[in-house]
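Contents: one structure, followed by commentary.
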Amino acid sequence: GQNIDQPTEMTATEGAIVQINCTYQTSGFNGLFWYQQHAGEAPTFLSYNVLDGLEEKGRFSSFLSRSKGYSYLLLKELQMKDSASYLCAVQGGATNKLIFGTGTLLAVQP
Amino acid sequence: DVKVTQSSRYLVKRTGEKVFLECVQDMDHENMFWYRQDPGLGLRLIYFSYDVKMKEKGDIPEGYSVSREKKERFSLILESASTNQTSMYLCASSQETGGYEQYFGPGTRLTVT
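Respectively, the protein sequence lines represent chains Z and Y. Per the working numbering, the first sequence starts with residue 7, numbered consecutively. Per the working numbering, the second sequence starts with residue 377, numbered consecutively.
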């Protein structure tokens with residue numbers, strides 16, 4: 007079967023660092039995406055990993071270990087505007103469709 | 377700037393009505409997708425299309441159909457709306473299938489009464 011797990015909710019403090027984990031079991035793997043979704047808005051692309059290792063993009067970094075079926079999104083120097091849901095999605099199978107996790111709701115507190 | 381638009385932000389329909397949700401993208405993307413998003417269930421793929429007049433079933437196609445007559449437009453059709461189809465519907469497009477991010481529209485909040 008196909009399964010993607012991520013924590014439902016997390017809380018962090020402004021200026022701190024937070025790590026959001028994602029574990030997956032899918033039939034086929036062609037890459038892992040992270041999206042950010044503010045309440046009432048569309049998801050927006052954050053990062054893409056297809057090889058093992060860390061991808062850094064400003065305050066956001068994403069890590070992938072294919073052998074462990076594991077990824078994390080690291081957010082540094084948290085700002086209030088980072089309060090949002092973070093969606094982990096795995097692309098795979100013959101059709102390369104995306105399978106989404108249920109998302110992690112991050113609340114950044116002053 | 378990349379843009380995916382959806383015909384309505386909010387829609388209220390009655391049980392049994394036929395419902396059309398329209399999606400248009402201006403990026404000349406090959407691939408288009410329809411998802412629904414429900415609390416605790418995340419985004420689930422209903423249908424997708426790799427080319428004009430082509431369609432593929434996603435994970436939850438029952439009760440839905442789609443139409444793609446032009447490259448830029450992908451329509452989702454609820455043949456006979458039911459209350460369990462009350463949801464947020466999101467359209468997305470991508471340049472190609474492998475390794476390319478999907479761009480999402482703003483969503484249509486559909487309520488079926």
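The beta carbon of each residue, even a glycine, is placed where N, CA and C say it ideally should be.
Problem set entry | Run of the beta strand (DSSP E) containing Ser425/Y, from where it starts to where it stops | By one-based count along the second sequence, residue 425/Y stands at place 49. From DSSP, the beta strand (DSSP E) with Ser425/Y extends over 418 to 425.
Exercise. DSSP three-state call for Asn36/Z: helix, strand or coil?
Worked result: Within the first sequence, numbered from 1, the residue matching residue 36/Z stands at position 30. The three-state secondary structure of Asn36/Z, taken from DSSP, is coil.
Problem set entry | Cβ pair count under 8 Å reaching 3, the stretch 440 to 454 of chain Y against the stretch 388 to 405 of chain Y | Yes, since at least three Cβ pairs between the stretch 440 to 454 of chain Y and the stretch 388 to 405 of chain Y fall closer than 8 Å, the two stretches touch.
Exercise. Excluding the five sequence neighbours on either side, which residues of its own chain have a C-beta within less than 7 Å of the C-beta of Gly75/Z, listed in chain order?
Worked result: For the purposes of this step, residue 75/Z is identified with residue 69 of the first sequence, where counting begins at 1. Hits under 7 Å: Thr29, Tyr30, Gln31.
Exercise. Under 9 Å Cβ-Cβ, which residues of chain C neighbour Gln478/Y?
Worked result: This model lacks chain C altogether, as its protein chains are Z and Y.
Problem set entry | Minimum Cβ-Cβ distance from Pro482/Y to chain Z less than 7 Å | Counted from its first residue, the second sequence places residue 482/Y at position 106. Yes, its Cβ sits closer than 7 Å to a Cβ of chain Z.
Exercise. From the beta carbon of Gly392/Y, is the nearest beta carbon of chain Z less than 7 Å away?
Worked result: Locating residue 392/Y in the second sequence gives position 16, counting from the first residue. Not closer than 7 Å to any Cβ of chain Z, the Cβ of Gly392/Y fails to qualify, so no.
Exercise. Hey, is the stretch 18 to 28 of chain Z in contact with the stretch 71 to 90 of chain Z, meaning 3+ C-beta pairs nearer than 8 Å?
Worked result: A contact exists between the stretch 18 to 28 of chain Z and the stretch 71 to 90 of chain Z.
For this session: Would you kindly report the start and end of the unbroken beta strand (DSSP E) that includes Asp414/Y?
Result: As a first step, residue 414/Y must be located in the second sequence, where it is residue number 38. Counting along the chain, the beta strand (DSSP E) containing Asp414/Y begins and ends at 407 to 414.
Exercise. Which residue comes first and which comes last in the beta strand (DSSP E) that contains Arg390/Y?
Worked result: Position 14 of the second sequence, counted from the start, is the residue given in the question as residue 390/Y. Neither: Arg390/Y is in no beta strand (DSSP E) and is coded neither H nor E.
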